[in-house]
Amino acid sequence: MRFLLGICLIALTATRAAAESGIDAWLRYAPLNAPDATVATLSAQAPNHIVVLNATAGSPIITASQELQKAFQGVFNKTIDILYAADNCSSVIGSVKVLIVGTATSFNRLCGNNSSSSLVSSSDLVPDGYLWQLPSHDSSLPTLLLGQNERGTLYGTFSYLLELAQGNDPAKTASNATTTNGHTTHISNPAAPVRWVNQWDNLDGSIERGYGGKSLFFSGGKVVTDLRRAAAYARILASVGINAVVVNNVNADAALVHTPANIEGLGRIADAFRPYGVRVGVSLNFASPQSVGGLSTYDPLDKSVVSFWDGVTLQLYERIPDLAGFLVKGDSEGQPGPKKYGRTLAEGANLFARALRKHSPADSPGILMYRAFVYDQLQESNWRADRANAAVTYFSPLDGQFDDNVVVQVKYGPIDFQVREPASPLFGHLQKTNAAIELQVTQEYLGQQCHLVYLPPLWRTVLDFDMGKVDGEPSVVRDIITGERFNRLLGGSAGVVNAGTSDTWLGSHLAQANLYAYGRMAWDPTAGHDDGNDNSSTLSTPRHIIESWTKLTFGRDPTLVNTVADMALASWPAYENYTGNLGTQTLTDILYTHFGPNPASQDGNGWGQWTRADKNGVGMDRTVRNGTGFAGQYVGKEVAAQFESVETTPRDLLLWFHHVPYTQRLPGPGENTTVIQHIYDAHYAGAETAALFVTRWAALNASGLIDPERYASIARQLAFQAGHAIVWRDAICGFFAGLSGIADRHDRVRHHPWRIEAEAMTLHGYTKQAVSPAITASGGQAIVAAGRGQASASATIPTSIPPGVYTLAVNYFDLAGGRSSYAVQINGKTIGNWTGNAEDVFGKATSTHLDGHSATRVSFLNVVVAAGDTVTVLGTPDGAEQAALDYVSFLPEGVVD
Ligand code: GCU
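Numbering (mature numbering (1 follows the signal peptide of the UniProt record, and there is no 0)), first residue to last: -19 to -1, 1 to 878.
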């Protein structure tokens, strides 16, 4: 027996690219390799001077000029000086090429009468919008990057630089561009004023559902002293048009706004963000008047409560005059709210909105984001009970009762960031109320950044969802949140991002694409709407967004760009296939960490994420006719009617709307298959796609297109994902096969001829242990090293493996609380080893049990087995981790386990 190659992930060839940690995200301003004619022209046209108009220290305009300098240096190796034009710009315009950066107003005041430039029209700009005026390449006219306000100037600068950094000519890629008098003008306005990020950071430095390290803002109950990472985060956010961050968890700690030290700390965060035009918002705890304010009540209509919040708001505005506003989660998941006092959610929201209105600048009132995520525990025995109904039930009667600086923040689906949900019907009911969509960049139910899941295609299904005809007009979500559809002044997007101290910000390089895309889509939710006009940087399909992100993050090589884009676009459908398809939600463990499979946890509790899977069928009946009535919550009668029948419900939402027998034929065109067979087939297809990611990524290595650090980190993630997809596949298929008693037509489910169960091996120092849920281990059992902290235990395969060349896969359990080490030996010779150190490598939530979260797979390629060879796995436990093993598989080429 001979070992040909080590762990498939580790081997690396030397590459040209320098080490990168990911901390610069897509703002690397890397030199453009293999320059083409466009790049050569852009380089030749680089300005001699950057002229900054009328900017005060620390303003986003100064930041913009510094970014320009940095980018021209990095991308084109040109050192360009910065000039300040405080009074007029005649001295700097004319003979040499200049790039002028400032607001449109200051440009017209300082430069508009110059012989080399004329007034720009800024009447088409809205706050935060910008224009570029780009001279033709042979012209000596200045390049203008002008914002409607200072923040807009920075957005315009970043979007210009992000084109240059991809090697694109901004004049050619700009949408809405007009060319006159030797220059091209491009205008871009944000579709909505609310483009916020929510961080679920706790004062102790942890982040709820955060998978990218500790908080950038808090530690030990206080705001951290060193806010440089916070400022760097603001830079990344500003580069894609984000204008505010709510810095603390929606499950808010009242102490944050209670002590002078914390208010000062929030002020320092705001100071760190301000040069990037990013404002601070704060999550509040409804019960604060009572819990920290010494009052006997937190009734929103009580005068003392009103004055408590007045006081808090005033103190905050005194320190942070540009405070963005507040975010409130009330009456949900144990959080206090107005219902306790019989007050409506609107009365609760208006309490804060009025305090904000009173103390914020009149021309820029603070915004109160009030979460629509309000629901109660339910009785599963009631067929008509449905958590999905809650938001409309609570909020629809209140439409029109919210103050005009309140925005109701609605999660994209009616349950909770599942792999697929229909759009929340509440969007259609908020016709006299400002609305924003809440998206989740942090991948709580979507693989926690250990699985590549590129989210824009999911988000598009919601943004493009039509709530149906209201007064004869369609009501598409993207138009509702921008305020266009129901003529609202406020609205937009809130993205739960949960970036942390990891160098990758989110815990994975590839996950950064979702943050980039979130910003782009918040700026323009119509982006990527497939109208055949995909020739610009702003009007971007999910493919266009991932391509531009890849060019900026890794480089422009077409093979690299195609590989990343293909993988990204295949990733959400694959994840849906191997986790929860046909609209049955992510079948993860909803009672523990939301990471690995545990379909049974959906039912049998009051959380209302039920699938109602039993021996005969599966799915929630949400019809009006016979079910919970949820389908009837869509304002458009035609939409509600579509979901009433199995035949007209889109296949991928079938089990969301209907409870059907496993033998139900799937509706719609295409293959004529049953629900149960589709569940099996989809899970196998999903896991196969995840396996392809590993090989596609490996193929890139040979060409040395990416630095070894990021290459290896991504390879490791993709290998983990491929292994975990098999854990998912087997658990879900096993669950439904067990429940339904219906076999897989292709005989794959619970039939693994290449597997050798660990519990069937000859054990020394190992004992058998049941795994819970049993479906997350092959055969329902694992082996654990008996007695913690002991020396190595061993498991030897009792039979001979037929001679051949195999991929050897080992499934083991990587728990928190220890770093067990493992080795595979053939005839006593180690052919591969690894450590159970996922807690050091991945940001996902850890598990302290043998379960679907800890189940992990490692693979070795090209393992040669000769006749009579003895194969042994050695495990050395560490701490609380008992070097647990599930099985090994010897897979001949092309065989799926
Ligand atoms: C989910 C999540 C919680 C979070 C909640 C919310 O339920 O698991 O951690 O607090 O959403 O959005 O408020």
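C-beta: ideal position from N, C-alpha, C; glycine also. Being a predicted model, the structure only gives us computed values, none of them experimental.
Residue 312 to residue 293, Cα distance in whole Å?
In a straight line, the C-alpha of residue 312 is about 21 Å away from that of residue 293.
When burial is assigned at 16 or more other CB atoms within 10 Å of the CB, is residue 259 buried or exposed?
Residue 259 is buried by the Cβ-count criterion.
State the start and end residues of the unbroken alpha helix (DSSP H) segment that holds residue 62.
It is not in any alpha helix (DSSP H) - residue 62 instead sits in the beta strand (DSSP E) that spans 62 to 66.
Can you list, in chain order, the residues of its chain whose CB lies under 7 Å from that of residue 512, leaving out five sequence neighbours each side?
For residue 512, the pLDDT reaches just 46, beneath the cut-off of 50, and the residue's location in the model is therefore unreliable, although a value from the coordinates is still provided. Closer than 7 Å at Cβ, skipping near neighbours: no residue.
Cα separation between residue 62 and residue 29?
So the alpha carbons of these two residues sit roughly 7 Å apart.
Roughly how many whole angstroms lie between the Cα atoms of residue 774 and residue 653?
Approximately 50 Å, taken between the alpha carbons.
Hey, could you find the ends of the alpha helix (DSSP H) residue 82 is sitting in?
Residue 82 -> not in any alpha helix (DSSP H); beta strand (DSSP E) instead, spanning 79 to 84.
Going by the beta-carbon positions, is the gap between residue 336 and residue 283 smaller than 8 Å?
Contact flag unset, no.
Residue 350 lies in the beta strand (DSSP E); which residues open and close that run?
First-last of the beta strand (DSSP E) with residue 350: 348 to 352.
Taking the alpha-carbon positions, what's the residue 331 to residue 175 distance?
For residue 331 and residue 175, the distance between alpha carbons rounds to 18 Å.
State the DSSP-derived secondary structure class of residue 113, mapped to helix, strand or coil.
Residue 113: strand per DSSP, three-state reduction.
Use the C-beta contact count for residue 909: other C-beta atoms within 10 angstroms, 16 or more gives buried, fewer gives exposed.
Outside the modelled stretch of the chain, which goes from -19 to 878, sits residue 909, for which no answer is possible.
Quick check: the Cα distance between residue 177 and residue 667, rounded to an integer number of angstroms?
If you take the alpha carbons of residue 177 and residue 667, they lie about 33 Å apart.
Could you tell me if residue 121 is buried or exposed, where buried requires 16 or more neighbouring beta carbons within 10 angstroms of its beta carbon?
Burial call: exposed.
Which of the three DSSP states is assigned to residue 185 in this structure?
Here residue 185 sits in coil by DSSP.
Report whether the distance from the Cβ of residue 231 to the nearest heavy atom of the ligand GCU is below 7 Å.
Yes, the ligand GCU has a heavy atom inside 7 Å of this Cβ.
For residue 559, does the three-state DSSP call read helix, strand or coil?
Correct three-state label for residue 559: helix.
Hey, would you say the C-beta of residue 397 is under 7 Å away from at least one heavy atom of the ligand GCU?
It does: the Cβ of residue 397 is within 7 Å (strictly closer) of some heavy atom of the ligand GCU.
Can you give me the C-alpha to C-alpha distance between residue 54 and residue 60, rounded to a whole angstrom?
Answer to the nearest angstrom: the Cα atoms are 5 Å apart.
What are the start and end residues of the alpha helix (DSSP H) that includes residue 410?
Note, residue 410: alpha helix (DSSP H), 407 to 410.
Would you say the beta carbon of residue 474 comes nearer than 7 Å to a heavy atom of the ligand GCU?
It does not: the Cβ of residue 474 is nowhere closer than 7 Å to a heavy atom of the ligand GCU.
For a test of the three-state rule: what should DSSP assign to residue 39, helix, strand or coil?
Residue 39: coil per DSSP, three-state reduction.
Could you tell me the distance, in whole angstroms, from the CA atom of residue 762 to the CA atom of residue 832?
Near 10 Å, if we compare the C-alpha coordinates of residue 832 and residue 762.
Given 7 Å as the limit, tell me if residue 582 has its C-beta closer than that to any heavy atom belonging to the ligand GCU.
No, since every heavy atom of the ligand GCU falls outside the 7 Å radius drawn around the Cβ of residue 582.
For the region 596 to 608 against the region 628 to 644, are there 3 or more C-beta pairs whose distance is under 8 Å?
They touch, by the three-pair rule.
Give me, in chain order, the residues of the same chain whose beta-carbon lies closer than 6 Å to that of residue 869; leave out the 5 immediate sequence neighbours on both sides.
The residues are 737, 791.
Specify, as a first and last residue, the run of the beta strand (DSSP E) that residue 165 falls within.
Counting along the chain, the beta strand (DSSP E) containing residue 165 begins and ends at 164 to 169.
Restricting to runs no shorter than 3 residues, where is the beta strand (DSSP E) found entirely within the region 566 to 597?
With a minimum length of 3 residues, no continuous beta strand (DSSP E) run stays inside the region 566 to 597.
Which same chain residues end up closer than 6 Å to residue 27 when comparing Cβ atoms and leaving out the 5 residues on each side of it in sequence?
So the list reads 53, 57, 59, once near-sequence residues are dropped.
Can you look up residue 642 in the DSSP assignment and give me helix, strand or coil?
Residue state, collapsed to three classes: strand.
Applying the criterion that 16 or more other CB atoms from any shown protein chain within 10 Å of the CB defines a buried residue, is residue 310 buried or exposed?
Answer is buried; the Cβ neighbour count reaches 16.
Mark residue 866 as exposed unless 16 or more other C-beta atoms lie within 10 angstroms of its C-beta, in which case mark it buried.
Buried, by the Cβ-count rule.
Classify residue 457 as helix, strand or coil using the three-state DSSP reduction.
Of the three classes helix, strand and coil, the one that applies to residue 457 here is strand, per DSSP.
Does the beta-carbon distance from residue 789 to residue 861 come in below 8 Å?
No. Outside cutoff.
Exposed or buried, what is residue 646 when buried is set at 16 or more other beta-carbons lying within 10 Å of its beta-carbon?
Exposed, since its Cβ has fewer than 16 Cβ neighbours within 10 Å.
Is DSSP giving residue 47 helix, strand or coil here?
DSSP places residue 47 in helix when its eight states are reduced to three.
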